Amino acid sequence: MLARCCVLALLLTGCRRSDETVRLSSVMSAFDSQGWKASEQLRPIDPTRFSAQKCVGGLVDNIDTVVCELGSAEAAQRAKKGGEAWVASAVTGVALVNGNTMLALADRTRTDPLGKSIHAVTKTYTALGPPALAATPRK
Amino acid sequence: MPSIHRSVFFALLLVLLVPGRSEAHTNHFLGPHPVAAKYGGGFCLIEAPHMHVYPPDHPNLYQRVGDQLVFTADPTPFGYEGDKHAFYGNHPVITVDGEPVICYIDGPHYHSFPAPDVPDYETRKGVAFYVGAFPPSYAKVRPARARIINAEYRPYVALRPTIEVAPPERWHGEVWVSSPAIGVVAPGVVVGAPGVVVGPPSVTVFAPPPPGIYIGGPSVEINGGMYVEHDGHHGERFDRREHGDRDDDHEHHDNGKHKGWFKHGHGHGGD
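The structure is reproduced here in structure tokens:
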């Protein structure tokens, strides 16, 4: 009985940890909540370019956007290189990793010269990080 | 192959192999910074690590952290229109991998972020003084860095904050004067540069009048281990033309303007 309880507790703990990882769905929800209509604007794209399991692409707040989900945080870090390559020669670009996701933004048409939109999107994205990732205040 | 042909061949090979200066070259930035004039100027508001095709117009105002450029200076002369917070003297700007990156501007200046609410800072009349310790490398690096960065800001003296304040006893920085044409009278030292008066032991510094000082709220929120966002209220404002007379109107600005940032280590988003 005790062993069963332990197994159940471990399973529950594992599930909770899994839920805390940032995933594509949570990124989409966060963007939707900001009024960017990510569920409508972002469509599935070929994920192999980013060594990812699934990716969506389109416009978020008029910025060219790709969001990918990967199997692990380590894989997401590797996908960041693909994100940087995708940004290529855009005037302004971003490639960030959060949990099991990678976000790439590219302003190719100079619609966001001061980065207001990109700042808003990245702020929303990085805010999804679990508390454990938060850093200590600077000295 | 005749030698002339060989020379031409190697010259062509060199041209093909050595990459030219191209706009496609990506420059990595960490935090807000001035936009290159060629790309319209103004102030880039992105706090997260990001890339631009252009290099900085004023490279002396940046410090390199890994492959990233960090703007460690006063944004006022470069089209920044957000909240501003007054500092006096040198202080850490960000911490990367445990090592602080230092702002070497002497005297009064602004940053877009407030001083953190930690004992290493003392704030008097809205002016933050760093009273903590500097890393060992500071003494070695400071002379050259300070000379360069303060020279960059010489044309912008009028944009510095006007400050009327006595530095805390724990502060050991250098008192700044705005002009080399200075008269000094002891024992109550009076420095007579344009609008600058320094009078120890209660040091008072006056500089040409800009619009005002904005003191930000104390709350600190850390986003994703990359940088800190100071959110919420933007505190008191006092008009400098009245030298410290407080205006109790609390203003709230948030047009996507950042209120502070810094990175801790290479968390997600960093390299």
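Heads up: the sequence lines are chains A and B, in that order.
Taking our numbering, the leading residue of the first sequence gets 1, the next gets one more, and so forth.
Taking our numbering, the leading residue of the second sequence gets 1001, the next gets one more, and so forth.
We put the beta carbon where it would ideally sit given N, CA and C, even for glycine.
These numbers come from a predicted model, not from an experiment.
Original post:
Under the DSSP definition of a beta bridge, which residues are partnered with B:A1353?
Top reply: Here chain B comprises residues numbered 1001 to 1271, so residue 1353 of chain B is not present and cannot be evaluated.
**OP:** Can you give me the Cβ contacts of B:N1027 inside the same chain, cut-off strictly under 8 Å, excluding the 5 residues immediately before and after it?
**Re:** Within the second sequence, numbered from 1, the residue matching residue 1027 of chain B stands at position 27. Excluding positions up to five away in sequence, the list reads M1051, H1052, V1053, Y1054, P1055, P1056 and L1069.
**OP:** Please confirm whether A:G129 and B:I1046 have their CB atoms less than 7 Å apart.
**Re:** Here the question's residue 129 of chain A lines up with position 129 in the first sequence. Here the question's residue 1046 of chain B lines up with position 46 in the second sequence. Cβ atoms of A:G129 and B:I1046: not closer than 7 Å.
Original post:
CB-CB under 6 Å to A:A52, same chain, minus the five flanking residues each way: which ones, in chain order?
Top reply: Here residue 52 of chain A corresponds to residue number 52 of the first sequence, with the count starting at 1. Excluding residues within five positions, the ones whose Cβ falls inside 6 Å are C68, L70 and A79.
Subject >> Which of helix, strand or coil DSSP assigns to B:P1136 >> reply: The residue given as residue 1136 of chain B occupies position 136 in the second sequence. It is coil, neither helix nor strand.
Original post:
Which of the residues in the region 1039 to 1056 of chain B, read from start to end, lie with their CB under 8 Å from any CB of chain A?
Top reply: Y1039, G1040, G1042, F1043, C1044, L1045, I1046, E1047, A1048, P1049, H1050, M1051, H1052, V1053 and Y1054
Original post:
How many angstroms separate the CA atom of B:G1066 from the CA atom of B:Y1156?
Top reply: Taking the second sequence and counting its residues from 1, one reaches residue 1066 of chain B at position 66. Taking the second sequence and counting its residues from 1, one reaches residue 1156 of chain B at position 156. Distance between the alpha carbons of B:G1066 and B:Y1156 is about 30 Å.
**OP:** From the DSSP output, in three-state form, read off B:V1141 for me.
**Re:** As a working mapping, residue 1141 of chain B is identified with position 141 in the second sequence. Reduced to three states, the DSSP call for B:V1141 is helix.
Original post:
Shorter than 7 Å from the beta carbon of A:T92 to some beta carbon of chain B?
Top reply: The residue given as residue 92 of chain A occupies position 92 in the first sequence. Output row for A:T92: interface = yes.
**OP:** Find the nearest neighbour of B:H1172 within the set B:G1107, B:V1093, B:F1029 and B:E1081, judged by alpha-carbon distance.
**Re:** As a position in the second sequence, residue 1172 of chain B is number 172, starting the count at 1. Of the listed residues, the one whose Cα sits closest to B:H1172 is B:G1107.
Original post:
Nearest-angstrom Cα distance between A:F31 and B:V1141?
Top reply: Within the first sequence, the letter at position 31 stands for residue 31 of chain A. Within the second sequence, the letter at position 141 stands for residue 1141 of chain B. Rounded to the nearest angstrom, the two C-alpha atoms are 44 Å apart.
Original post:
chain A partners of B:V1035, CB-CB under 8 Å?
Top reply: Numbered from 1 along the second sequence, position 35 holds the residue referred to as residue 1035 of chain B. Residues of chain A passing the Cβ test: P113 and L114.
**OP:** Examine chain B for any beta-carbon lying closer than 7 Å to the beta-carbon of A:I45, and answer yes or no.
**Re:** Here residue 45 of chain A refers to the residue found at position 45 when the first sequence is read from its first residue. False, the Cβ-Cβ gap to chain B never drops below 7 Å.
**OP:** Measuring alpha carbon to alpha carbon, tell me which of B:A1133, B:A1158, B:V1177 and B:V1127 ends up nearest B:A1166.
**Re:** Your numbering for residue 1166 of chain B matches position 166 in the second sequence. Selected option, being the one with the closest Cα: B:V1127.
Subject >> Neighbourhood of B:Y1104 by C-beta, 7 Å cutoff - its chain only, sequence neighbours within 5 removed >> reply: Numbered from 1 along the second sequence, position 104 holds the residue referred to as residue 1104 of chain B. Closer than 7 Å at Cβ, skipping near neighbours: N1090, R1142, R1145, A1146 and I1149.
Subject >> Close beta carbons around B:E1152, own chain, < 7 Å, minus the five adjacent residues each side >> reply: For the purposes of this step, residue 1152 of chain B is taken as residue 152 along the second sequence, with counting starting at 1. Once the five neighbours on either side are set aside, the close Cβ partners of B:E1152 are H1058, N1060 and L1061.
**OP:** Let me know if B:D1074 comes out buried or exposed under the rule of 16 or more other beta-carbons within 10 Å of its beta-carbon.
**Re:** Sequence index remark: in the second sequence, residue 1074 of chain B carries index 74 (1-based). With 16 or more Cβ atoms within 10 Å of its Cβ, B:D1074 is classed as buried.
Subject >> Minimum Cβ-Cβ distance from A:R122 to chain B less than 7 Å >> reply: Counting from one through the first sequence, the residue named residue 122 of chain A turns up at place 122. Per the sequence shown, the amino acid found at residue 122 of chain A is Thr instead of Arg. Yes, A:T122 counts as interfacial toward chain B.
Original post:
Considering only residues of the same chain and omitting the five flanking positions on each side of A:A90, which have a CB-CB separation below 8 Å?
Top reply: Your numbering for residue 90 of chain A matches position 90 in the first sequence. Once the five neighbours on either side are set aside, the close Cβ partners of A:A90 are D64, A106, D107 and R108.
Original post:
Ordered along the chain, which non-local residues of its own chain (more than five positions away) have a Cβ less than 7 Å from that of A:E74?
Top reply: Here residue 74 of chain A refers to the residue found at position 74 when the first sequence is read from its first residue. Answer for A:E74: no residue qualifies.
**OP:** Verify the CB distance criterion: does B:H1230 have a CB-CB separation below 7 Å to chain A?
**Re:** Taking the second sequence and counting its residues from 1, one reaches residue 1230 of chain B at position 230. With a pLDDT of 30 at B:H1230, under the threshold of 50, the modelled position of this residue cannot be trusted; read the value that follows with caution. So no, B:H1230 is outside the interface.
Original post:
Assuming A:Q41 contacts A:L59 under a Cβ cut-off of 8 Å, what Cβ separation, rounded to an integer in Å, is found between them?
Top reply: Mapped onto the first sequence, residue 41 of chain A falls at position 41. Mapped onto the first sequence, residue 59 of chain A falls at position 59. Going by Cβ atoms, the distance from A:Q41 to A:L59 rounds to 5 Å, so yes, they are a contact pair.
Original post:
What do you reckon, are the CB atoms on B:V1101 and B:T1076 nearer than 7 Å?
Top reply: Counted from its first residue, the second sequence places residue 1101 of chain B at position 101. Counted from its first residue, the second sequence places residue 1076 of chain B at position 76. Cβ atoms of B:V1101 and B:T1076: not closer than 7 Å.
Original post:
Do you know how far the Cα of B:H1111 is from the Cα of B:P1135?
Top reply: For the purposes of this step, residue 1135 of chain B is taken as residue 135 along the second sequence, with counting starting at 1. For the purposes of this step, residue 1111 of chain B is taken as residue 111 along the second sequence, with counting starting at 1. Whole-angstrom Cα-Cα distance: 21 Å.
**OP:** Whole angstroms is fine: what's the gap from A:P44's alpha carbon to A:R23's?
**Re:** As a working mapping, residue 44 of chain A is identified with position 44 in the first sequence. As a working mapping, residue 23 of chain A is identified with position 23 in the first sequence. For A:P44 and A:R23, the distance between alpha carbons rounds to 15 Å.
**OP:** Determine the contact status of B:F1078 and B:P1116, defining contact as a CB-CB distance below 7 Å.
**Re:** By one-based count along the second sequence, residue 1078 of chain B stands at place 78. By one-based count along the second sequence, residue 1116 of chain B stands at place 116. No. Outside cutoff.
Original post:
By Cβ distance below 6 Å, which residues in the same chain neighbour B:Y1088 in space, the five residues on each side in sequence not counted?
Top reply: Your numbering for residue 1088 of chain B matches position 88 in the second sequence. Closer than 6 Å at Cβ, skipping near neighbours: P1108, V1127 and F1129.
Subject >> B:Y968 in three-state terms, based on DSSP >> reply: In the structure as shown, chain B begins at 1001 and stops at 1271. Residue 968 of chain B is therefore absent and cannot be evaluated.
**OP:** Could you confirm whether any beta carbon from chain B is found closer than 7 Å to the beta carbon of A:H119?
**Re:** Start at 1 with the first residue of the first sequence, and residue 119 of chain A comes out as number 119. Yes - at least one Cβ of chain B is within 7 Å of the one on A:H119.
**OP:** Taking B:I1046 as part of the beta strand (DSSP E), name the residues at either end of that continuous run.
**Re:** Residue numbering aside, residue 1046 of chain B sits at position 46 when the second sequence is read from its first letter. Careful: B:I1046 lies outside any beta strand (DSSP E) and carries neither H nor E.
**OP:** Label B:A1036 either buried or exposed according to how many other C-beta atoms from any shown protein chain fall within 10 Å of its C-beta, with 16 as the threshold for buried.
**Re:** What you label residue 1036 of chain B is simply residue 36 of the second sequence in a count that begins at 1. With 16 or more Cβ atoms within 10 Å of its Cβ, B:A1036 is classed as buried.
Subject >> Inter-residue Cα distance where the pair is A:K81 and A:K123 >> reply: Start at 1 with the first residue of the first sequence, and residue 81 of chain A comes out as number 81. Start at 1 with the first residue of the first sequence, and residue 123 of chain A comes out as number 123. About 21 Å.
Original post:
B:S1178: buried (16+ other C-beta within 10 angstroms of its C-beta) or exposed?
Top reply: As a working note, residue 1178 of chain B is residue 178 in the second sequence. By the neighbour-count rule (16 or more Cβ atoms within 10 Å), B:S1178 is buried.
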